[in-house]
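Below: the structure, in structure tokens.
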Amino acid sequence: MVYQWLKYNLSRIFPAQCLVCGETCTGMALCQDCEQELTLNRHACQRCAEPLSEGYHNSLCGRCLKQTPSFDKVLSPYLYQAPIDRLVTRFKFNADHTAGQVLVRLLGQYLQQHVPDKPECLVPVPLHPSRLRERGFNQAHEFWRVKPAT
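Take the sequence shown: its position 83, counting from 1, is numbered 83 in our numbering, and each next residue is one higher.
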């Protein structure tokens, strides 16, 4: 209770800034304009989530048709373009945990709104030990550890 009171009062003194454009925003460090710029991966391969041309629905990409991958399905909610690419870069290479919280929130919202059959598990791709030494933290581990702010 004290934490919520402190959080509320601090947000009034220091309003959140959008991680993408820097404008003052309410909520979770992503302003409404930048959130509306997110592009859903609507036309994707049903197996690997590779973006496909607009006319393809419930299709497989050429790569998956040629050789079936060893996994059943990949979900990639958004196209890797602005502003998602900026958030991923901030989290992955700058250890910006606020960007990680935004990404966790966006993934959670996508799963709730667009995935009727929830996955049995979500699996982070592990970081190679040499990359771990280079970056200093494992972003996949941090991504799954972070709780989205309310």
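Where a beta carbon is used, it is the ideal one built from N, C-alpha and C, also for glycine.
>> In whole angstroms, give me the CA-to-CA distance for F71 and C34.
In response: As a first step, residue 71 must be located in the sequence shown, where it is residue number 71. As a first step, residue 34 must be located in the sequence shown, where it is residue number 34. Their backbone Cα atoms lie some 33 angstroms apart in a straight line.
>> Within the continuous alpha helix (DSSP H) that includes H151, where are the two ends?
In response: Given that the chain is displayed from residue 1 to residue 150, the structure contains no residue 151 and the question cannot be resolved.
> From H128, L106, A99, pick the residue whose C-alpha is nearest to that of D22; which is it?
Replying inline: Stepping through the sequence shown from its first residue, residue 22 is reached at position 22. First, the amino acid is wrong: residue 22 is Gly here, not Asp. Considering only alpha carbons, the answer is A99.
> In whole angstroms, what separates the C-alpha of W144 from that of H97?
Replying inline: By 1-based counting over the sequence shown, the position of residue 144 is 144. By 1-based counting over the sequence shown, the position of residue 97 is 97. So the alpha carbons of these two residues sit roughly 11 angstroms apart.
> Got a sec? Which residues, its chain only, sit under 6 angstroms from P83 by beta carbon, not counting five neighbours each side?
Replying inline: For the purposes of this step, residue 83 is taken as residue 83 along the sequence shown, with counting starting at 1. Excluding sequence neighbours, P83 sits near V20, C34, E37.
>> Between A82 and the ligand HEM, is there a pair consisting of the residue's CB and a ligand heavy atom that are separated by less than 6 angstroms?
In response: Among the ligands in the structure shown, none appear at all, so the ligand HEM cannot be discussed.
> Would a C-beta distance cut-off of 7 angstroms place L30 and C45 closer than the cut-off?
Replying inline: Indexing the sequence shown from 1 puts residue 30 at position 30. Indexing the sequence shown from 1 puts residue 45 at position 45. No, they are not a contact pair.
>> Using only the alpha-carbon positions, how far apart do P124 and G55 sit?
In response: In the sequence shown, the residue the question calls residue 124 occupies position 124. In the sequence shown, the residue the question calls residue 55 occupies position 55. Using only the alpha carbons, I get a separation of about 31 angstroms.
> How big is the Cα-Cα spacing for C121 and N41?
Replying inline: If you number the sequence shown from 1, residue 121 lands on position 121. If you number the sequence shown from 1, residue 41 lands on position 41. When rounded, the distance between both Cα atoms is 21 angstroms.
> According to DSSP, which residues form a beta bridge with A99?
Replying inline: For the purposes of this step, residue 99 is taken as residue 99 along the sequence shown, with counting starting at 1. Bridge partners of A99: none, in fact.
> What is the rounded straight-line gap between the Cα of M28 and the Cα of A16?
Replying inline: As a working note, residue 28 is residue 28 in the sequence shown. As a working note, residue 16 is residue 16 in the sequence shown. Spanning the two alpha carbons is a distance of roughly 7 angstroms.
> Is it true that the CB of V102 sits closer than 7 angstroms to the CB of L79?
Replying inline: Position 79 of the sequence shown, counted from the first residue, corresponds to residue 79. Position 102 of the sequence shown, counted from the first residue, corresponds to residue 102. Not in contact: L79 and V102 (Cβ atoms no closer than 7 angstroms).
>> On the criterion of 16 or more Cβ atoms from any shown chain inside 10 Å, does P69 qualify as buried, or is it exposed?
In response: Numbered from 1 along the sequence shown, position 69 holds the residue referred to as residue 69. When all chains shown are included, P69 counts as exposed.
> In terms of alpha-carbon separation, which member of H43, R90, N94 lies closest to P77?
Replying inline: Position 77 of the sequence shown holds residue 77. Per the Cα distances, H43.
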